[in-house]
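K.L.:
Structure incoming, see below.
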Amino acid sequence: MDMEEKTLYQSIVVGAGIAGSVIARKLAEEGNQKVLVVDKRDHIGGNCYDVKDEQGVLIHQYGPHIFHTNQKEVFDYLSRFTKWYMFDHEVVANVHGSLIPVPFNLNTLYFVYEEEKAKELEEKLITAYGLNSRVPILKLRENEDEDIQKIADYVYENIFLYYTMKQWGKKPEEIDPSVTARVPIVISHDNRYFRDKYQGVPLLGYTSMFQNMLEHPNIDVELNTNSKSILTFKDGQVIYGGKPFTGNVIYTGPIDELYNYDEGQLPYRSLEFVFENFKQNDYQGHSVVNYTVSEEYTRITEFKHLTGQDIDTTTIVKEYPRDYDAKKGQIPYYAINNEENDQLYQSYADRFLKHEHCYLLGRLAEYRYFNMDGMVYHALALSEKLLNKDKSGENLGGVK
Ligand code: FAD
Ligand code: UDP
Numbered sequence: 029m030d031m032e033e034k035t036l037y038q039s040i041v042v043g044a045g046i047a048g049s050v051i052a053r054k055l056a057e058e059g060n061q062k063v064l065v066v067d068k069r070d071h072i073g074g075n076c077y078d079v080k081d082e083q084g085v086l087i088h089q090y091g092p093h094i095f096h097t098n099q100k101e102v103f104d105y106l107s108r109f110t111k112w113y114m115f116d117h118e119v120v121a122n123v124h125g126s127l128i129p130v131p132f133n134l135n136t137l138y139f140v141y142e143e144e145k146a147k148e149l150e151e152k153l154i155t156a157y158g159l160n161s162r163v164p165i166l167k168l169r170e171n172e173d174e175d176i177q178k179i180a181d182y183v184y185e186n187i188f189l190y191y192t193m194k195q196w197g198k199k200p201e202e203i204d205p206s207v208t209a210r211v212p213i214v215i216s217h218d219n220r221y222f223r224d225k226y227q228g229v230p231l232l233g234y235t236s237m238f239q240n241m242l243e244h245p246n247i248d249v250e251l252n253t254n255s256k257s258i259l260t261f262k263d264g265q266v267i268y269g270g271k272p273f274t275g276n277v278i279y280t281g282p283i284d285e286l287y288n289y290d291e292g293q294l295p296y297r298s299l300e301f302v303f304e305n306f307k308q309n310d311y312q313g314h315s316v317v318n319y320t321v322s323e324e325y326t327r328i329t330e331f332k333h334l335t336g337q338d339i340d341t342t343t344i345v346k347e348y349p350r351d352y353d354a355k356k357g358q359i360p361y362y363a364i365n366n367e368e369n370d371q372l373y374q375s376y377a378d379r380f381l382k383h384e385h386c387y388l389l390g391r392l393a394e395y396r397y398f399n400m401d402g403m404v405y406h407a408l409a410l411s412e413k414l415l416n417k418d419k420s421g422e423n424l425g426g427v428k
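Dropping the structure here:
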């Protein structure tokens, strides 16, 4: 690409994950901006990327991704770029060889207790919390009723303790309570993992959805390109192609990397994914089995049960939680949010945001966990903000 072309861009998006792809499309389409999207990986889609493996099984390279939302606006936006394979996602836990529904709900009671006792406990839970309520494990443990305490102990010990120790290297009460609250005790006979109205995966896969999103005459995508090789942030200025760039920069990568970790690494948990193919139709009969009392991995996903793919071989993935060290090239998956880490993040963010027209977007750049739908919502909101700005002529951007 020659310099003439380079000077055309009004926005540069770092990262072709869900956050970067959504905002790139919005700015290109609705703002009629020329947008450059760069990603250091050799593919688009970020962690939502899926691909067929050697055996032809569609796998999720960075762990199982099930799209779920209650926000019609988000679902409708993505539906412009894909049809869906819709299903209600369910998970079971392998507890000493028995498979029980997770989140723990009124059905699970009947797997664990004799019918008469289960019925009695069911009534107790409904009286205490109300039908259809959702109670985080740490809250259930505070209940003073002896029977409810017993249930809480069971759930804590058989669902949460070992799994959380593996995933976070800490006990449930030592991590941010919002994390375990994502999988509450459900006071109803609902086995679904999520309650959302829309649940499923893109019919032809996530990568195909992102391809459609990024396919726009105003969008150029450059893969295998670290933003560091094309953008410099210095003294409040962004330099691109050797010149000051005054367009929008939407950064969706890890912010500490941008500053060579000079204030320290932002802590994350990482994961190692081990894929295995079996020349058989079915491996475990479920899309996801959580291992909550045994094994070093947290869960096994069997992809064909998620994607609905009709194929006579099957691929699974085991997820092994790992400590994270950016310098060893590990992928940061889960931000470890606490006061100290959030402060460190804020310090990096403040430095970055001193640059005009520069924005932080995404699970890495914002150092927060987002589900995909939250990410889309957030990307749509930032696009609207930038587009309104553009309409008022405040930020037409571009290289000077
Ligand atoms: P990413 O997908 O990480 O994209 C960021 C992109 O930026 C990457 O492609 C990266 O290569 C690129 N990049 C970074 N730095 C640079 C740089 N300097 N230069 C160039 N490129 C750069 N959500 C759900 O809704 N449902 C699920 O079932 C679900 N399952 C999940 C399972 C796991 C194991 C994990 C970890 C997350 C899961 N999520 C799920 C969350 C989901 O992955 C995120 O919401 C989503 O990936 C966030 O997208 P993003 O664009 O912010 O980040
Ligand atoms: N969790 C658990 N046992 C389970 C499922 C979840 O202990 O069977 C805890 C664990 O701490 C996990 C958190 O609940 O990190 C959130 O679960 P979720 O399924 O949302 O995790 P993710 O999909 O992000 O791995």
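Positions 29 to 428 (this note's numbering) are the ones given, in order, by the sequence shown. Idealized CB from N, CA, C, for every residue including glycine.
1) Does the Cβ of residue 427 have 16 or more other Cβ atoms within 10 Å, making it buried, or fewer, making it exposed?
2) Give the DSSP-derived three-state secondary structure of residue 270 in the structure shown.
3) Is residue 425 buried or exposed, if buried means 16 or more other CB atoms sit within 10 Å of its CB?
4) Could you check whether the Cβ of residue 222 sits closer than 7 Å to any heavy atom belonging to the ligand UDP?
5) Using 8 Å as the cut-off, can you tell me whether the segment 91-99 makes contact with the segment 197-214, which would need three or more C-beta pairs spanning the two stretches below that distance?
6) Closer than 7 Å: is that where the CB of residue 121 sits relative to any heavy atom of the ligand UDP?
7) Which residue's Cα is closest to the Cα of residue 182: 192, 169, 193, 173?
8) Just to confirm, does residue 192 get its C-beta within under 7 Å of one of the non-hydrogen atoms of the ligand UDP?
9) Pop quiz: residue 110 and residue 240 are said to be a contact at Cβ under 8 Å. What is the actual Cβ separation, rounded to whole angstroms?
10) Just reading off the alpha helix (DSSP H) that residue 50 is part of, what are its end residues?
11) Can you tell me which residues form a DSSP beta bridge with residue 248?
12) Counting along the chain, where does the beta strand (DSSP E) carrying residue 393 start and finish?
13) Residue 220: which of 193, 119, 378, 103 sits nearest, CA to CA?
14) So if DSSP puts residue 276 in a beta bridge, which residue, or which two residues, is it bridged to?
15) Please identify the residue among 404, 417, 411 whose C-alpha is closest to the C-alpha of residue 98.
16) Out of curiosity, what's the CA-to-CA distance linking residue 202 and residue 166?
17) Within 10 Å of its beta-carbon, does residue 401 have 16 or more other beta-carbons around it, so buried, or fewer, so exposed?
18) At which residues does the alpha helix (DSSP H) containing residue 167 begin and terminate?
19) Verify the contact flag: residue 396, CB atom, against every heavy atom of the ligand UDP, threshold strictly below 7 Å.
20) Any idea what DSSP makes of residue 410, helix, strand or coil?
21) Can you give me the C-alpha to C-alpha distance between residue 116 and residue 244, rounded to a whole angstrom?
22) Where does residue 417 fall in DSSP's three states?
23) Considering residue 157, what are the terminal residues of the alpha helix (DSSP H) in which it resides?
24) For the beta strand (DSSP E) that contains residue 366, what are its first and last residues?
25) To the nearest angstrom, how far is the alpha carbon of residue 252 from that of residue 130?
26) Residue 121 lies in the beta strand (DSSP E); which residues open and close that run?
27) Quick check: the segment 322-329 against the segment 279-295, are at least 3 beta-carbon pairs closer than 8 Å?
28) Would you kindly work out how many angstroms separate the C-alpha atoms of residue 247 and residue 44, rounded to a whole number?
29) DSSP state of residue 379, grouped into three classes?
30) Report the CB separation of residue 289 from residue 42 in whole angstroms; it is logged as a contact under 8 Å.
31) Hey, how far is the Cα of residue 122 from the Cα of residue 287?
32) For the ligand UDP, is there a heavy atom less than 7 Å away from the beta-carbon of residue 331?
33) On a Cα-Cα basis, can you pick out the residue from 148, 126, 151 that is closest to residue 139?
34) Counting C-beta neighbours from all protein chains within 10 Å, is the total for residue 416 16 or more, i.e. buried, or is it exposed?
35) What residues match up with residue 334 in a beta bridge as DSSP calls it?
36) May I ask whether a heavy atom of the ligand FAD can be found less than 7 Å away from the beta carbon of residue 416?
P.N.:
Quick look at the numbers:
1) The predicted model places residue 427 with a pLDDT of 41, which falls under 50 and marks its position as unreliable; any figure quoted below should be read in that light. Classification of residue 427: buried, given that the 10 Å Cβ count is 16 or more.
2) coil
3) Residue placement at residue 425 cannot be trusted, given a pLDDT of 42 that sits under 50; what the coordinates show is reported in the next sentence. Buried.
4) no
5) no
6) yes
7) 169
8) yes
9) 7 Å
10) 46-58
11) 64
12) Looking at the DSSP string, residue 393 is not in any beta strand (DSSP E), and its letter there is neither H nor E.
13) 119
14) 39
15) 404
16) 11 Å
17) buried
18) 165-168
19) no
20) helix
21) 32 Å
22) helix
23) 143-157
24) Run containing residue 366: none; DSSP gives neither H nor E here.
25) 39 Å
26) 119-123
27) no
28) 11 Å
29) helix
30) With 8 Å as the limit, residue 289 and residue 42 do not qualify as a contact, their Cβ atoms being about 17 Å apart.
31) 43 Å
32) no
33) 126
34) exposed
35) Bridge partners of residue 334: none, in fact.
36) no
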